[in-house]
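All residue numbers for the sequence shown refer to my numbering, where the first residue is 1205 and numbers rise by one.
All C-beta atoms in this analysis are idealised placements derived from N, C-alpha and C, irrespective of residue type, glycine included.
Here the structure is a predicted model, which is why all the values come from computation and not from measurement.
Quick notes on the structure that follows.
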Amino acid sequence: MEVEGALTEDAWVLDFGDVKRIGGQQLDHRFLLPRDNPALDVSDLDDAWQIAVAGRRYLIPKSDACLLPLDNPTAERLAEWFCHRLAEALADRGNITSITVGVEEAPDQAGWCTLSLSDR
């Protein structure tokens, strides 16, 4: 992740602890379930997600999964989703001009998204 902008009175652009509070931890060690994937039929049960695909049904406890507004949980889509989420949460601070988020699948294999907050 890269954040550009003017230094605050505390001499930083962003406290990276804020990033964790915005939601980065919700994805850690969880099954990433793409809500908008046309190949999946996702149903909300009381404490689980039911996924129907290719004639089979799977149950995943909600505590083990993260339902995301994505068509596919690729590195590119995850970077785009999280970058937009950060931009919305940080836009009112006034000092941040751009945010870049990268999601790495393996060494030297990553998807990136950059947003300019100065255009918002």
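Problem - Cβ pair Cys1287, Leu1263 closer than 7 Å - result: Contact check for Cys1287 against Leu1263 fails: the beta carbons are separated by 7 Å or more.
Exercise for the section: May I ask you to report which of helix, strand or coil DSSP gives Ser1320? Expected result: Ser1320: strand per DSSP, three-state reduction.
Problem - Rounded straight-line distance, which links the Cα of Asp1219 to that of Asp1296 - result: Taking the Cα positions, Asp1296 is about 15 Å away from Asp1219.
Practice task
Leaving out five residues on either side along the sequence, give the residues of the same chain with a beta carbon under 7 Å from the beta carbon of Ile1226.
Solution key: So the qualifying residues of the chain are Arg1289, Leu1290 and Ala1293.
Handout entry: Endpoints, alpha helix (DSSP H) assigned at Gly1221
Key = Counted as a single uninterrupted DSSP element, the alpha helix (DSSP H) harbouring Gly1221 occupies residues Phe1220 to Ile1226.
Problem - Minimum length 3: unbroken beta strand (DSSP E) runs contained in the region 1260–1318 - result: Fully enclosed beta strand (DSSP E) runs of no fewer than 3 residues occupy 1260–1265, 1269–1272 and 1300–1310 of the region 1260–1318, in order along the chain.
Exercise for the section: Under 8 Å by Cβ, that's how I've got Ala1279 and Lys1266 pegged, so tell me the actual separation to the nearest angstrom. Expected result: 24 Å between Cβ atoms; not a contact.
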